[in-house]
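Only one structure is covered here, and it is reproduced in the block below.
2 protein chains.
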Amino acid sequence: MDHAAATTSALPERLLLGSGPSPVPPRVLEALSRPTVGHLDPVFVEVMDETCALLRETFLTRNRATFPLSATGGSGMDALVNNFVAPGDRVVLAVCGLFGERLSDALARAGADVVRVEAEWGRAVPVEALIEATSAGTRALIVVHGETSTGVCQPLDGLADAARERDALLLADCVTSLSGQPLELDAAGIDAAFSGTQKCLNCPPGLAPFTAGERALARLEARTEVPRSWYFDLSLLLGFWMPEDKRAYHHTVPINMIYALREALALVAEEGLETRWERHRRAHEALRSALAVFGLERLAANGEQLNPLLAVRVPEGVDEAALRGRLLNEHGIEIAGGLGPLAGDVWRIGVMGVGAAFEPQARLVEALAAVLGRDPADALAALEADWGAA
Amino acid sequence: MDHAAATTSALPERLLLGSGPSPVPPRVLEALSRPTVGHLDPVFVEVMDETCALLRETFLTRNRATFPLSATGGSGMDALVNNFVAPGDRVVLAVCGLFGERLSDALARAGADVVRVEAEWGRAVPVEALIEATSAGTRALIVVHGETSTGVCQPLDGLADAARERDALLLADCVTSLSGQPLELDAAGIDAAFSGTQKCLNCPPGLAPFTAGERALARLEARTEVPRSWYFDLSLLLGFWMPEDKRAYHHTVPINMIYALREALALVAEEGLETRWERHRRAHEALRSALAVFGLERLAANGEQLNPLLAVRVPEGVDEAALRGRLLNEHGIEIAGGLGPLAGDVWRIGVMGVGAAFEPQARLVEALAAVLGRDPADALAALEADWGAA
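In the order they appear, the protein sequences are chains A and B. Mapped onto the working numbering, the consecutive letters of the first sequence carry residue numbers 1 to 390. Mapped onto the working numbering, the consecutive letters of the second sequence carry residue numbers 1 to 390.
This is how it looks when you write it as structure tokens:
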């Protein structure tokens, strides 16, 4: 093979408006490439502490055990299950999309007794059904807060009370919701959760923000069997990230990725969480209005939409994959197709972090008009009107 | 907290001569910060394919299943065990340092019947003892090729034959050996192995190069029970990395880290593996000669040394942690202390990639002389003589 080609092959600038990764701001890329220092170097310990403090602010939690796992968002699922679910545990799981299905898979691998409470893809699971299923003996109630496969946000009302009544843990996948959708971890009574860096945080993929509260840690401590995974053993990870005594080496954490995450979280803090949530809401509504002009209707029902991900139905007779290819190749814009039963039927458009703004959305609307063979004027006007209205 | 402080806190340039991370060349840091593209973008698929091809060249393997896991080196242990060891499997394991102990832990978590064949820390495990322990019914024979806690390289002679005779897999931790110590994966008959990016490859931590051959894949296919970890399920990972049919999304891989790894591997290919191995050997011997002048004797026995990691005994009465602190704070040089039973007794000095060169070693020798209160002249002369001798 030609190594020169391997090292110099140009990477195009893409506008990342798919389901993630999302656009990475220059400040974050710049942080990523700062000099690598050691994982036990006091200057790096400071970076770690700042990252954890910023993560707590972003999750709105006081959980001491808040830090990034050294793997991508999806690994958070393995970590949750590994630490908080033992073989034979009765677990109530909300399933209304691919990421719920994956949790179901991960739980089955862990030997859990999984009680699935389902809704069709495109709807949230009714909280009443989840509460009812959380009967005596339930050890955990697990939901996907932001279902990236459908663009649906799972309501959480009443779930914490139901879980506490049964001495169950409330656990959540917050990969696509963190910093883009209102989420107050402690107020919602979520005992442990994970996220990803490449969605609303606008950081490259590679880390999974993770948090666990006292009830979850007590469950871990009470386990009679050691967790099956060494890499995701929370007790060992905490011995490195937030030691009570001497910091104990577990693995060499992804140092440069942590620089980037810290920078990305600082951008969130500078904007302010509530401002950021509101910006995502406006951006979602504006893009929804614009795409409706082309007949692209949102999949999620009103009140159940996940602001960071707008899934729209592709009109009958449109070859969605071909048009997505043209968006990428002719316009440099990435959007995502459907997964599972929605493959071929929907486009999934990211409204994440810096992507949740007028300019990138206008570029998308113009490009979509071009590949659909439509006039962009009315859609752009709708976009502008919505952005200007606030 | 002060976010401005969080984002602008200066990171010093460190000379990383510890047990890893190792020094990261500018080309690799530059690659790390290239524009993020999507994980399904055709331009990224090309990057993935190049990375895998370069990894095969570096491992000296023709294994199709060769790619980086989306987690740090230590995760390779979980991945090996998750895919190739089932509960109840009899596994022969070489243990002569921390990383052997960790494999023992990971195997116990997986429910394996672990047969430990041990040597004292600082020696390799005799291959005869490993071969003898590989009795009928053994399902896997596992070794740590480069034991980073002691600087010992495990001989592999005869292990592949012994494993094949019993229909056992030969599995290896190659974290610190890959590209720094002679290793020909296919020729050695290793069925599956993992490594890390932050050792001899000079890439930041965050990925675990992984490879598995046909015998290992057949074992995986014959399993009656699905692997316990979803994140490290090799069948799913291969569906994304090297699909036989349509590429199937599993998780969003660490895109920018993969750019960096590709660049780091291109640097290895440009130098040539044999030249690189020889350079590491020379660098190890040169530094060993120089440190001997200060009375710092190598822990590893002749013929068992791991070239990328020189562990030396700290003289009686020396407060090793204090001197390491001074090396870091006054000279900007990181070296590592001892682990487990060797804590306080050894220094572990990395001889990894671009760190395996005269200039960084001379800086270390001068700094060590300063903190030890010694004249550097004789040690520098020894270093120069060894480097000049070739």
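Even glycine gets a Cβ: it sits at the ideal position worked out from N, Cα and C.
Using the C-alpha atoms, what's the distance from Leu156 (chain A) back to Trp277 (chain A)? 17 Å
For the candidate residues B:Leu98, B:Trp121 and B:Leu15, whose alpha-carbon lies nearest to that of Thr36 (chain A)? B:Leu15
Closest to Leu207 (chain B) by C-alpha separation, out of A:Asp167, A:His251 and A:Trp241, would be which residue? A:His251
Mind checking Ala4 (chain B): buried by the 16 CB within 10 Å criterion, or exposed? Because Ala4 (chain B) sits at a pLDDT of 49, beneath the cut-off of 50, its placement in the model cannot be relied upon, and the following sentence gives the value as read from the coordinates. Classification of Ala4 (chain B): exposed, given that the 10 Å Cβ count is below 16.
Boundaries of the alpha helix (DSSP H) in which Arg228 (chain A) is found, first to last residue: Per DSSP, Arg228 (chain A) belongs to no alpha helix (DSSP H) and is neither H nor E.
is_contact[Asn256 (chain B), chain A] using C-beta, thresh 8 Å: yes
Glu165 (chain A) to Thr176 (chain A) span [Cα, whole Å]: 28 Å
Residues of the stretch 198–221 of chain A with Cβ closer than 7 Å to any Cβ of chain B, in chain order: Gln198, Pro204, Pro205 and Gly206
Rounded straight-line distance, which links the Cα of Glu101 (chain B) to that of Asp89 (chain B): 18 Å
Where the alpha helix (DSSP H) through Thr58 (chain B) begins and ends: Pro42 to Phe59
For the stretch 126–152 of chain A, which residues have a beta carbon sitting closer than 9 Å to at least one beta carbon of chain B? none
Please list the partners that Val24 (chain B) has in chain A, where partner means a Cβ-to-Cβ separation under 7 Å. Thr36
Using 8 Å as the limit for Cβ to Cβ distance, is Glu120 (chain B) near chain A? no
For Trp387 (chain B), would you say it is in contact with chain A, using Cβ-to-Cβ distances shorter than 8 Å as the test? no
Spatial neighbours of Arg262 (chain B) in its chain, beta-carbon cut-off 8 Å, leaving aside the 5 residues before and after: Ala31, Val47, Glu50, Thr51 and Leu54
Grab the span of the alpha helix (DSSP H) containing Leu323 (chain A) for me, first residue to last. Glu320 to His331
Which residue's Cα is closest to the Cα of Asn302 (chain A): A:Val314, A:Phe194 and A:Arg288? A:Arg288
Looking at C-alpha atoms only, which residue of A:Gly146, A:Ser135 and A:Leu368 is the closest neighbour of Leu17 (chain A)? A:Leu368
Can you pull out the residues from the stretch 331–350 of chain A whose beta carbon lies closer than 7 Å to at least one beta carbon of chain B? Glu334
Just curious, the beta strand (DSSP E) that Val91 (chain A) is in, first and last residue? Arg90 to Val95
Identify which residue in A:Thr134, A:Leu80, A:Gly388 and A:Thr224 has its Cα closest to the Cα of Arg282 (chain A). A:Gly388
Considering only the beta carbon of each residue, do Thr211 (chain A) and Cys203 (chain A) sit closer than 8 Å? no
Where does Asp173 (chain A) fall in DSSP's three states? strand
Please specify which runs of the alpha helix (DSSP H), each continuous and at least 4 residues long, are wholly inside the stretch 187–267 of chain B, giving them in chain order. 214–221 and 234–241
Looking at chain A, is there any beta carbon in it that lies within less than 8 Å of the beta carbon of Leu327 (chain B)? no
Where DSSP assigns a beta bridge to Gly146 (chain B), which residues make up the other side? B:Cys153
Along the stretch 173–195 of chain A, where does the CB come closer than 7 Å to a CB of chain B? Name the residues. none
Runs of beta strand (DSSP E) lying entirely within the stretch 92–135 of chain A, each at least 3 residues, in chain order: 113–118
Sub-8 Å separation of Val346 (chain A) and Gly338 (chain A) beta-carbons: yes
What residue from B:Ala162, B:Gln154, B:Glu120 and B:Val314 has the CA that sits closest to Glu132 (chain B)'s CA? B:Ala162
Straight-line Cα distance separating Val81 (chain A) from Ser392 (chain A): Residue 392 (chain A) lies beyond the range of chain A shown here (1 to 390); nothing can be said about it.
Tell me the rounded alpha-carbon separation between Ala286 (chain B) and Pro209 (chain A). 43 Å
Taking only the alpha-carbon atoms, compute the straight-line gap between Leu309 (chain B) and Ala356 (chain B) and give it to the nearest angstrom. 10 Å
Assign Asn329 (chain A) to buried or exposed, taking buried as 16 or more other Cβ atoms, counted over all protein chains shown, within 10 Å of its Cβ. exposed
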